[in-house]
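In what follows, a single structure is set out as structure tokens and then discussed.
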Amino acid sequence: MLVRLLYVSKVSGHVGHDDVRMILAASQRNNGARGVSGLLMFNSGHFLQWLEGERRAVSERFARILQDERHTDVVIVDFAEVEARQFTDWQMGYLGEGSLNRDLFYRFSATEVFNPYALSGASAVALMLAARERARLLKSA
113 MLVRLLYVSK VSGHVGHDDV RMILAASQRN NGARGVSGLL MFNSGHFLQW
163 LEGERRAVSE RFARILQDER HTDVVIVDFA EVEARQFTDW QMGYLGEGSL
213 NRDLFYRFSA TEVFNPYALS GASAVALMLA ARERARLLKS A
């Protein structure tokens with residue numbers, strides 16, 4: 113059974129951009145072997161991540177995230193059984209801070225400061241799918 117899980121977390125105080133790159137590289141390496149795909153977003157000291165795959169594999173990946181000291185205040189914003197993957201091409205895609213992505217982050221934010229904790233599950237899903245579409249458009253351009 114395929115599932116998706118979206119969670120948000122804050123970066124612990126000692127995590128920098130190099131650490132985020134290491135998290136992404138480890139995710140890409142480990143997720144492929146476990147049949148997990150998805151998207152990692154990083155903005156304003158927050159992670160928003162979509163994990164999808166078989167229930168056990170997603171649960172195991174999420175359990176590791178909960179133990180990771182680089183994440184604090186981890187909250188699940190959406191969990192659902194799904195018919196198909198949305199991120200079939202990405203073991204773990206990435207969307208980071210930057211002027212190119214700013215409008216996308218803030219389109220779904222209730223305030224001027226991006227706060228993924230304030231997103232509803234539906235808004236978090238919509239944001240991630242919009243990011244996927246932007247990446248596809250940029251790739252085909």
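Numbering (our numbering), first residue to last: 113 to 253.
Every residue gets a Cβ at the ideal spot worked out from N, C-alpha and C, and that includes glycine.
Check whether residue i and residue j have beta carbons under 9 Å apart
i    : j    : result
A247 : G208 : no
L216 : A236 : no
L239 : M134 : no
Run of the beta strand (DSSP E) containing residue i, from where it starts to where it stops
i    : result
L117 : 114-123
G147 : Taken as a continuous stretch (DSSP letters only), G147 belongs to no beta strand (DSSP E), as it is neither H nor E.
Between the CA atoms of residue j and residue i - distance to the nearest angstrom
i    : j    : result
N155 : E166 : 28 Å
F254 : N227 : In this structure the chain extends from 113 to 253, so residue 254 is not present and cannot be described.
Q203 : F220 : 24 Å
D190 : V132 : 22 Å
R168 : A145 : 13 Å
R176 : A234 : 25 Å
N82  : V225 : This structure cannot settle anything about residue 82, because the visible part of the chain is limited to 113 through 253.
L118 : T184 : 15 Å
H129 : S171 : 26 Å
R90  : H126 : Look at the range of the chain in this structure, 113 to 253, and you will see that residue 90 is not part of it.
Residues near residue i in its chain [Cβ-Cβ closer than 6 Å; skip 5 each side]
i    : result
Y257 : Outside the shown range of the chain (113 to 253) lies residue 257, about which nothing can therefore be said.
F159 : S121
L249 : none
V123 : G157
A137 : none
W162 : L118, G150, L151, M240
Close-in-space but distant-in-sequence residues of the same chain around residue i (CB under 8 Å, 5 per side omitted)
i    : result
V194 : L114, V115, R116, E164
L178 : V186
R197 : L114, S149, E164, G165
T200 : S149
A192 : V115, R116
D147 : Note that residue 147 is Gly in the sequence shown, not Asp. G165, E166, A169.
*What beta strand (DSSP E) runs, 3 residues minimum, are completely inside the stretch 158-244?*
Listed in chain order, they are 158-166, 183-193, 205-207.
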